[in-house]
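Asks: Here it is, the structure, as C-alpha coordinates.
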Amino acid sequence: MLDAAVQCFWSRGYEATSIRDLIANTGLTGASLYNAFGDKRAFYQRALDHYVEGSIGERMRRCETLEPREAIESFFAEIVKRSLDDTEHKGCMLVNAALDVTSHDPAFQEVVAGVLLRIEEFFLHNVRQGQADGSVTTSLAAEDLARHLVGILMGVRVLARVRPDRALLEGAVRPALALLAAEKPGAS
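As C-alpha coordinates, this is what we get:
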(Lines of atoms letter the chains of each structure in order from A and count residues from 1; the text may use other names and numbers.)
(Lines give C-alpha, C1' and ligand atoms only; values in the text may rest on other atoms or scores of the structure.)
Protein backbone atom coordinates (compact mmCIF):
# COMPACT_ATOMS: atom_id res chain seq x y z
CA MET A 1 0.00 0.00 0.00
CA LEU A 2 2.81 2.43 0.83
CA ASP A 3 4.59 1.46 -2.39
CA ALA A 4 1.43 2.33 -4.34
CA ALA A 5 1.15 5.64 -2.48
CA VAL A 6 4.81 6.42 -3.22
CA GLN A 7 4.24 5.78 -6.93
CA CYS A 8 1.13 7.95 -6.92
CA PHE A 9 2.70 10.92 -5.12
CA TRP A 10 6.00 10.48 -6.95
CA SER A 11 4.50 10.57 -10.43
CA ARG A 12 1.92 13.31 -9.78
CA GLY A 13 3.39 15.33 -6.92
CA TYR A 14 1.74 16.19 -3.65
CA GLU A 15 -0.52 18.98 -4.88
CA ALA A 16 -1.78 17.15 -7.98
CA THR A 17 -2.50 13.89 -6.14
CA SER A 18 -6.07 13.72 -4.92
CA ILE A 19 -7.57 11.50 -2.26
CA ARG A 20 -9.48 9.85 -5.13
CA ASP A 21 -6.12 9.06 -6.82
CA LEU A 22 -4.80 7.55 -3.61
CA ILE A 23 -7.92 5.42 -3.14
CA ALA A 24 -7.75 4.20 -6.75
CA ASN A 25 -4.04 3.37 -6.58
CA THR A 26 -3.77 1.87 -3.10
CA GLY A 27 -7.02 -0.06 -2.91
CA LEU A 28 -7.87 1.63 0.37
CA THR A 29 -11.32 3.01 0.97
CA GLY A 30 -11.66 6.64 1.92
CA ALA A 31 -12.55 5.67 5.47
CA SER A 32 -9.56 3.29 5.71
CA LEU A 33 -7.20 5.95 4.43
CA TYR A 34 -8.43 8.53 6.93
CA ASN A 35 -8.46 5.98 9.80
CA ALA A 36 -4.93 4.80 9.04
CA PHE A 37 -3.27 8.11 8.19
CA GLY A 38 -5.54 10.95 9.21
CA ASP A 39 -5.27 13.02 6.05
CA LYS A 40 -3.47 13.39 2.73
CA ARG A 41 -0.56 15.28 4.27
CA ALA A 42 0.07 12.56 6.86
CA PHE A 43 -0.19 9.90 4.15
CA TYR A 44 2.33 11.84 2.05
CA GLN A 45 4.69 12.02 5.03
CA ARG A 46 4.52 8.23 5.47
CA ALA A 47 5.00 7.68 1.72
CA LEU A 48 8.00 10.03 1.65
CA ASP A 49 9.53 8.31 4.70
CA HIS A 50 8.98 4.94 3.01
CA TYR A 51 10.64 6.21 -0.18
CA VAL A 52 13.62 7.65 1.71
CA GLU A 53 14.25 4.45 3.66
CA GLY A 54 13.74 2.15 0.68
CA SER A 55 15.76 4.21 -1.78
CA ILE A 56 18.20 6.67 -0.26
CA GLY A 57 18.58 4.84 3.05
CA GLU A 58 19.07 1.50 1.34
CA ARG A 59 21.69 2.97 -1.02
CA MET A 60 23.64 4.48 1.89
CA ARG A 61 23.51 1.18 3.79
CA ARG A 62 24.84 -0.73 0.75
CA CYS A 63 27.62 1.80 0.25
CA GLU A 64 28.64 1.74 3.93
CA THR A 65 30.20 -1.67 3.33
CA LEU A 66 32.63 -0.25 0.74
CA GLU A 67 35.91 1.62 1.11
CA PRO A 68 35.26 5.38 1.59
CA ARG A 69 36.11 6.65 -1.88
CA GLU A 70 34.43 3.64 -3.50
CA ALA A 71 31.30 4.27 -1.39
CA ILE A 72 30.95 7.79 -2.78
CA GLU A 73 31.67 6.67 -6.33
CA SER A 74 29.19 3.80 -6.06
CA PHE A 75 26.54 6.10 -4.59
CA PHE A 76 26.81 8.42 -7.59
CA ALA A 77 26.99 5.54 -10.10
CA GLU A 78 23.67 4.27 -8.73
CA ILE A 79 22.17 7.77 -8.91
CA VAL A 80 23.17 8.18 -12.56
CA LYS A 81 21.88 4.69 -13.42
CA ARG A 82 18.61 5.26 -11.58
CA SER A 83 18.21 8.63 -13.30
CA LEU A 84 18.78 7.14 -16.75
CA ASP A 85 16.46 4.19 -16.04
CA ASP A 86 13.62 6.54 -15.00
CA THR A 87 11.58 6.38 -18.22
CA GLU A 88 8.81 8.52 -16.71
CA HIS A 89 11.30 11.24 -15.67
CA LYS A 90 9.87 11.34 -12.15
CA GLY A 91 13.21 12.32 -10.68
CA CYS A 92 13.83 11.91 -6.97
CA MET A 93 10.79 12.04 -4.71
CA LEU A 94 12.83 13.87 -2.07
CA VAL A 95 13.88 16.56 -4.55
CA ASN A 96 10.31 16.75 -5.81
CA ALA A 97 9.14 17.26 -2.22
CA ALA A 98 11.71 20.01 -1.77
CA LEU A 99 10.36 21.81 -4.83
CA ASP A 100 6.67 20.96 -4.49
CA VAL A 101 5.82 21.07 -0.80
CA THR A 102 8.43 22.81 1.32
CA SER A 103 7.82 26.34 0.08
CA HIS A 104 4.46 26.44 1.88
CA ASP A 105 4.96 23.85 4.61
CA PRO A 106 7.70 24.58 7.18
CA ALA A 107 7.28 21.14 8.78
CA PHE A 108 7.99 19.41 5.49
CA GLN A 109 10.90 21.78 4.94
CA GLU A 110 12.38 20.40 8.17
CA VAL A 111 11.75 16.81 7.05
CA VAL A 112 13.47 17.34 3.69
CA ALA A 113 16.31 19.30 5.31
CA GLY A 114 16.77 16.43 7.78
CA VAL A 115 17.14 13.89 4.97
CA LEU A 116 19.58 16.15 3.12
CA LEU A 117 21.59 16.46 6.33
CA ARG A 118 21.60 12.67 6.64
CA ILE A 119 22.99 12.41 3.10
CA GLU A 120 25.57 15.10 3.88
CA GLU A 121 26.61 13.14 6.99
CA PHE A 122 27.01 9.99 4.84
CA PHE A 123 29.31 11.91 2.49
CA LEU A 124 31.14 13.58 5.39
CA HIS A 125 31.79 10.24 7.09
CA ASN A 126 33.23 8.78 3.88
CA VAL A 127 35.28 11.88 3.06
CA ARG A 128 36.79 11.90 6.56
CA GLN A 129 37.53 8.19 6.36
CA GLY A 130 39.04 8.70 2.91
CA GLN A 131 41.16 11.56 4.17
CA ALA A 132 42.34 9.34 7.01
CA ASP A 133 43.28 6.46 4.69
CA GLY A 134 44.80 8.72 2.01
CA SER A 135 42.22 8.06 -0.72
CA VAL A 136 40.59 11.52 -0.48
CA THR A 137 42.34 14.87 -0.69
CA THR A 138 43.06 16.81 2.47
CA SER A 139 43.52 20.05 0.52
CA LEU A 140 39.84 20.88 1.11
CA ALA A 141 37.86 20.65 4.32
CA ALA A 142 35.85 17.45 4.67
CA GLU A 143 32.74 19.51 5.43
CA ASP A 144 33.11 21.51 2.20
CA LEU A 145 33.60 18.37 0.13
CA ALA A 146 30.53 16.74 1.69
CA ARG A 147 28.40 19.83 1.02
CA HIS A 148 29.69 19.99 -2.54
CA LEU A 149 28.68 16.37 -3.08
CA VAL A 150 25.15 17.08 -1.79
CA GLY A 151 24.92 19.99 -4.23
CA ILE A 152 26.07 17.80 -7.12
CA LEU A 153 23.58 15.11 -6.11
CA MET A 154 20.68 17.57 -6.07
CA GLY A 155 21.77 19.06 -9.38
CA VAL A 156 22.02 15.67 -11.06
CA ARG A 157 18.58 14.66 -9.84
CA VAL A 158 17.00 17.90 -11.09
CA LEU A 159 18.81 17.69 -14.44
CA ALA A 160 17.65 14.09 -14.86
CA ARG A 161 14.00 15.18 -14.79
CA VAL A 162 14.32 17.37 -17.85
CA ARG A 163 17.44 16.11 -19.61
CA PRO A 164 18.31 12.53 -18.66
CA ASP A 165 21.39 12.38 -20.83
CA ARG A 166 24.24 10.09 -19.79
CA ALA A 167 26.96 12.50 -20.93
CA LEU A 168 25.36 15.37 -19.04
CA LEU A 169 24.85 13.47 -15.77
CA GLU A 170 28.22 11.73 -15.81
CA GLY A 171 29.82 15.02 -16.83
CA ALA A 172 28.36 16.67 -13.73
CA VAL A 173 29.53 13.86 -11.44
CA ARG A 174 33.01 13.21 -12.88
CA PRO A 175 34.61 16.54 -11.80
CA ALA A 176 33.13 16.20 -8.31
CA LEU A 177 34.68 12.76 -7.94
CA ALA A 178 37.99 14.02 -9.41
CA LEU A 179 37.98 16.78 -6.81
CA LEU A 180 38.12 14.08 -4.13
CA ALA A 181 41.33 12.57 -5.50
CA ALA A 182 44.24 12.71 -3.11
CA GLU A 183 47.42 14.20 -4.51
CA LYS A 184 50.05 11.64 -5.33
CA PRO A 185 53.25 12.08 -3.32
CA GLY A 186 55.79 14.06 -5.31
CA ALA A 187 53.18 15.43 -7.77
CA SER A 188 53.26 19.13 -8.49
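The numbering used here numbers the first residue of the sequence shown as 250 and each following residue consecutively. The beta carbon of each residue, even a glycine, is placed where N, CA and C say it ideally should be. This one's a predicted model, so the numbers in the text were calculated from it and none came from an experiment.
Enumerate in chain order the residues of its own chain whose CB-to-CB distance from residue 395 is below 6 Å, with the five nearest sequence positions on each side excluded.
Replies: Against the sequence shown, residue 395 aligns to sequence position 146. Here the set comprises 369, 372, 373, 376.
Asks: Report all residues from its chain with a CB closer than 8 Å to the CB of residue 253; omit the five preceding and five following residues, and keep chain order.
Replies: Position 4 of the sequence shown holds residue 253. The residues are 274, 275, 276.
Asks: Quick one: grab the DSSP three-state call for residue 385.
Replies: By 1-based counting over the sequence shown, the position of residue 385 is 136. Residue 385: strand per DSSP, three-state reduction.
Asks: Count the other CB atoms within 10 Å of the CB of residue 345; is the residue buried (16 or more) or exposed (fewer)?
Replies: Taking the sequence shown and counting its residues from 1, one reaches residue 345 at position 96. Flag for residue 345 reads buried.
Asks: Could you check the C-alpha separation between residue 378 and residue 393 for me, to the nearest Å?
Replies: Residue numbering aside, residue 378 sits at position 129 when the sequence shown is read from its first letter. Residue numbering aside, residue 393 sits at position 144 when the sequence shown is read from its first letter. Approximately 15 Å, taken between the alpha carbons.
Asks: Does the separation of the CB atoms of residue 289 and residue 272 fall below 8 Å?
Replies: Here the question's residue 289 lines up with position 40 in the sequence shown. Here the question's residue 272 lines up with position 23 in the sequence shown. No, Cβ-Cβ distance for residue 289 and residue 272 is not below 8 Å.
Asks: Could you check if residue 317 is buried or exposed, using at least 16 other CB atoms within 10 Å of its CB as the buried criterion?
Replies: Stepping through the sequence shown from its first residue, residue 317 is reached at position 68. That one is buried.
Asks: According to the neighbour-count rule (16 or more other Cβ atoms, all chains shown, within 10 Å of its Cβ), is residue 411 buried or exposed?
Replies: By 1-based counting over the sequence shown, the position of residue 411 is 162. Label assigned to residue 411: exposed.
Asks: Expressed to the nearest angstrom, what Euclidean distance is found between the alpha-carbon atoms of residue 262 and residue 292?
Replies: The count along the sequence shown starts at 1 and reaches residue 262 at position 13. The count along the sequence shown starts at 1 and reaches residue 292 at position 43. Each residue's Cα considered, the two are about 13 Å apart.
Asks: Buried or exposed: residue 332, going by 16 or more other Cβ atoms within 10 Å of its Cβ?
Replies: The count along the sequence shown starts at 1 and reaches residue 332 at position 83. Residue 332 comes out buried.
Asks: For the alpha helix (DSSP H) that residue 250 lies in, which residues bound it at each end?
Replies: Locating residue 250 in the sequence shown gives position 1, counting from the first residue. From DSSP, residue 250 is part of no alpha helix (DSSP H); its letter is neither H nor E.
Asks: Please say whether residue 418 and residue 402 have beta carbons closer to each other than 8 Å?
Replies: Stepping through the sequence shown from its first residue, residue 402 is reached at position 153. Stepping through the sequence shown from its first residue, residue 418 is reached at position 169. Cβ atoms of residue 402 and residue 418: not closer than 8 Å.
Asks: Mind checking which residues open and close the alpha helix (DSSP H) that includes residue 299?
Replies: For this step, residue 299 is matched to residue 50 along the sequence shown. It spans 289 to 300 - the alpha helix (DSSP H) in which residue 299 sits, taken as one unbroken run.
Asks: Name the DSSP bridge partner or partners of residue 430?
Replies: On the sequence shown, position 181 is the one that residue 430 refers to. Answer by DSSP bridge pairing, in chain order: 385.
Asks: With 16 as the cutoff for other CB atoms within 10 Å, does residue 280 come out buried or exposed?
Replies: For the purposes of this step, residue 280 is taken as the residue at position 31 of the sequence shown. By the neighbour-count rule (16 or more Cβ atoms within 10 Å), residue 280 is not buried but exposed.
Asks: Assign residue 349 to one of three DSSP states: helix, strand, or coil.
Replies: Reading the sequence shown from its first residue, position 100 is the one you call residue 349. Residue 349: helix per DSSP, three-state reduction.
Asks: What does the alpha-carbon distance come out to for the pair residue 416 and residue 334?
Replies: Taking the sequence shown and counting its residues from 1, one reaches residue 416 at position 167. Taking the sequence shown and counting its residues from 1, one reaches residue 334 at position 85. For residue 416 and residue 334, the distance between alpha carbons rounds to 14 Å.
Asks: Locate the alpha helix (DSSP H) running through residue 272, then write down its first and last residues.
Replies: By 1-based counting over the sequence shown, the position of residue 272 is 23. 268 to 275 is the extent of the alpha helix (DSSP H) around residue 272.
Asks: Under 7 Å Cβ to Cβ from residue 422, same chain only, skipping five residues before and after it: list those, please.
Replies: Within the sequence shown, numbered from 1, the residue matching residue 422 stands at position 173. 325, 329, 401, 405, listed in sequence order.
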